[in-house]
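Trainee: Got a structure here, written out as structure tokens. Questions coming.
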Amino acid sequence: MFASKLPNLGTTIFTTMSALAAEYGALNLSQGFPNFEADSELLKLLGEYAERGYNQYAPMTGLAALREQLSIKTEKLYGAFYDVDHEITITSGATEAIFAAISATVSKGDEVIVFEPAYDSYLPAIELNGGVPVYITLHYPNFEVDWDYVASKITNKTKLIIVNTPHNPTGSVFSKSDLDKLAEIIQDKNIYLIGDEVYEHIIFDGLVHHSLCTHPFLKERSFICGSFGKTFHVTGWKIGYCLAPKVLSVEFRKIHQYLTFSTFTPAQYALAEYLKNEEHYLSIPTFYQTKRDIFLKSIANSRLKFVPSQGSFFQNVCYKHITDQKDVDFAVYLTKELGVASIPISVFYHKNVDEKVLRFCFAKDEATLQKAGEILSSL
Ligand SMILES: Cc1ncc(COP(=O)(O)O)c(C=O)c1O
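See below:
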């Protein structure tokens with residue numbers, strides 16, 4: 236018998252819901268990716284660079300021109316300097332960056348603090364490295380972190396804390412005070428951080444993204460993972476990056492080197508060029524806020540309850556006053572019977588906490604959002 240290293244993992248709910256949506260011809264607001272095209276300027280750049288012959292391996296650390304643009308952008312937006320040669324690495328999506336950062340940090344028996352609901356790639360990476368997840372449960376509707384409670388879960392085995400802001404699946408974002416409290420509870424400890432900040436530009440209502448790198452103490456112990464796929468509507472390109480101080484980047488790169496070595500060359504050229512115009516990322520919050528608002532307006536008169544998403548491209552809605560069906564069952568019912576697919580929030584908790592909340596992805600064209608809203612208003 237082949238012994239599984241991840242015996243508890245099966246087909247993910249994302250695959251299941253998307254397959255169900257396809258089978259029943261439902262509007263697919265389940266998986267987190269846009270159903271519209273990226274900027275034609277970016278697509279054209281990709282084609283041009285491929286055509287001009289930039290198709291062989293990129294440098295292991297990523298194209299220098301792209302790392303340079305990231306360094307400029309991070310300093311401009313967050314006032315944080317990262318050295319182009321030693322502190323920025325381009326990866327195959329944020330997923331690879333997160334895996335490499337966890338692998339570089341976690342050894343057998345190390346404890347890793349994970350806030351739930353949590354994005355699903357953290358846990359397998361922790362387990363494969365022999366780490367022990369220590370869960371902190373956050374609750375609907377605000378999913379706030381009680382930092383005193385987090386402090387009570389820190390032991391002499393705690394090695395890593397993974398934070399995600401703006402947050403998938405809840406749409407909540409960290410405040411400056413969250414960063415201060417985080418710094419306070421780890422100040423005299425040998426604890427590292429992963430900042431999963433893939434939605435850094437998808438933030439609403441004038442809120443500011445508080446990157447871990449804006450806090451000098453946190454910056455020194457953080458791997459910040461980002462994703463061009465999320466920012467520029469090209470999730471299929473799988474280009475991400477990791478920003479980390481030199482001592483951490485050295486170890487990060489040892490893993491990245493043998494995980495993928497390097498990533499898709501023509502896209503790195505295209506992105507390096509595209510990033511030179513800051514409007515391309517500064518316009519993203521408004522672009523997505525418009526989508527969030529179309530979706531919220533379309534369900535404003537429905538019986539669903541919601542707190543407007545603060546960031547990411549996800550909106551949570553609560554249906555507990557409509558039915559007491561389990562969230563997984565209700566999501567399946569909505570897909571099969573009414574024709575709108577979503578993701579039940581309980582799947583993001585290891586103990587499947589069910590607060591009767593569904594996650595809808597509003598990275599969709601206006602017609603899809605309106606139609607989904609009409610259907611949900613009929614509930
Ligand atoms: C919170 C979070 N982190 C990381 C990722 C992965 O990003 P990428 O597609 O760049 O690998 C996602 C994608 O859904 C995400 O939602």
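Last residue of the sequence shown? That's 614 in my numbering, and every number before it is there in order.
Cβ atoms here follow ideal geometry from the backbone N, Cα and C, with glycine treated the same way.
Below 9 angstroms between beta carbons: does that hold for A653 and L264?
Mentor: No statement about residue 653 is possible, as the shown extent of the chain runs from 236 to 614 and does not include it.
Trainee: My guess is that I325 and I519 are in contact by the Cβ rule of under 8 angstroms, so how many angstroms apart are they, rounded?
Mentor: Actually they do not touch by this definition, with Cβ atoms about 20 angstroms apart.
Trainee: Between which two residues does the beta strand (DSSP E) harbouring D320 extend?
Mentor: Looking at the DSSP string, D320 is not in any beta strand (DSSP E), and its letter there is neither H nor E.
Trainee: Kindly indicate which three-state DSSP category V469 falls into: helix, strand or coil?
Mentor: coil
Trainee: Express the C-alpha separation of F271 and G406 in angstroms, rounding to a whole number.
Mentor: 21 angstroms
Trainee: Just the Cα atoms here: how many angstroms apart are S462 and I389?
Mentor: 29 angstroms
Trainee: Can you tell me whether L282 is buried or exposed, with buried defined as 16 or more other CB within 10 angstroms of its CB?
Mentor: One point to set straight first is that residue 282 is Gly, not Leu, in the sequence displayed. The residue in question, G282, is exposed, as its Cβ has fewer than 16 Cβ neighbours within 10 Å.
Trainee: Does the region 406 to 417 come close enough to the region 310 to 327 to have 3 or more Cβ pairs within less than 8 angstroms?
Mentor: no
Trainee: What is the residue span of the alpha helix (DSSP H) that D440 lies within?
Mentor: Taken as a continuous stretch (DSSP letters only), D440 belongs to no alpha helix (DSSP H), as it is neither H nor E.
Trainee: In the DSSP output, which residue or residues are listed as bridge partners for C460?
Mentor: D431, C477
Trainee: Spell out the partners DSSP gives C596 in its beta bridges.
Mentor: Answer is F549.
Trainee: Answer with buried or exposed for K599, where buried requires no fewer than 16 other C-beta atoms within 10 angstroms of its C-beta.
Mentor: buried
Trainee: What are the start and end residues of each continuous beta strand (DSSP E) run of 3 or more residues lying completely inside the region 536 to 589, in chain order?
Mentor: 549 to 553
Trainee: How would you call N587, buried or exposed, if buried means at least 16 neighbouring beta carbons within 10 angstroms?
Mentor: exposed
Trainee: Can you give me the C-alpha to C-alpha distance between Q304 and L447, rounded to a whole angstrom?
Mentor: 19 angstroms
Trainee: Helix, strand or coil for T405? Go by DSSP, reduced to three states.
Mentor: coil
Trainee: When the distance is taken between beta carbons, is Q545 closer than 9 angstroms to F458?
Mentor: no
Trainee: Rounded to the nearest angstrom, what separates T449 and P376 at their Cα positions?
Mentor: 27 angstroms
Trainee: May I ask you to report which of helix, strand or coil DSSP gives K489?
Mentor: helix
Trainee: Go ahead and pull the three-state DSSP assignment for Y292.
Mentor: Three-state result, Y292: coil.
Trainee: Just to confirm before moving on: does the CB-CB distance between F597 and Y354 stay below 9 angstroms?
Mentor: no
Trainee: In terms of residue numbering, what span does the alpha helix (DSSP H) encompassing P520 cover?
Mentor: 519 to 533
Trainee: Can you determine whether any heavy atom of ligand 1 sits closer than 8 angstroms to the C-beta of C460, and answer yes or no?
Mentor: Relative to the non-hydrogen atoms of ligand 1, the Cβ of C460 comes within a distance shorter than 8 angstroms of at least one.
Trainee: Can you tell me which of the three DSSP states L395 falls into?
Mentor: strand
Trainee: Considering only DSSP beta bridges, list what F350 is partnered with.
Mentor: BP columns for F350 point to I371.
Trainee: Flag V347 as yes when its Cβ comes closer than 8 angstroms to any non-hydrogen atom of ligand 1, and as no otherwise.
Mentor: Not so, every heavy atom of ligand 1 lies at least 8 angstroms from the Cβ.
Trainee: Give every residue of the same chain whose Cβ lies closer than 6 angstroms to the Cβ of G302, excluding the five residues on either side of it in the sequence, and list them in chain order.
Mentor: In the sequence on display, residue 302 carries Arg and not Gly. Excluding residues within five positions, the ones whose Cβ falls inside 6 angstroms are V319, I323.
Trainee: With A254 as the anchor, note down where its alpha helix (DSSP H) starts and where it stops.
Mentor: 248 to 259
Trainee: What do you reckon, is the C-beta of K465 under 8 angstroms from a heavy atom of ligand 1?
Mentor: yes
Trainee: Could you give the first and the last residue of the continuous alpha helix (DSSP H) run that contains G328?
Mentor: 328 to 340
Trainee: Quick check on this structure: which residue in Q503, A299, D528, S342 has the alpha carbon closest to the alpha carbon of L278?
Mentor: If we check each option's Cα against that of L278, Q503 comes out closest.
Trainee: Between which two residues does the alpha helix (DSSP H) holding R302 run?
Mentor: 299 to 313
Trainee: At a cut-off of 8 angstroms, would you count E331 as near ligand 3, judging by its Cβ distance to the nearest heavy atom?
Mentor: Of the ligands one can find in the structure shown, namely ligand 1, none is ligand 3.
Trainee: Return the CA-CA distance between K532 and P543, expressed in angstroms with no decimal places.
Mentor: 11 angstroms
Trainee: My guess is that L428 and V341 are in contact by the Cβ rule of under 8 angstroms, so how many angstroms apart are they, rounded?
Mentor: No, L428 and V341 are not in contact; Cβ-Cβ is about 13 angstroms, not under 8 angstroms.
Trainee: Straight-line CA distance for P501 to F237?
Mentor: 39 angstroms
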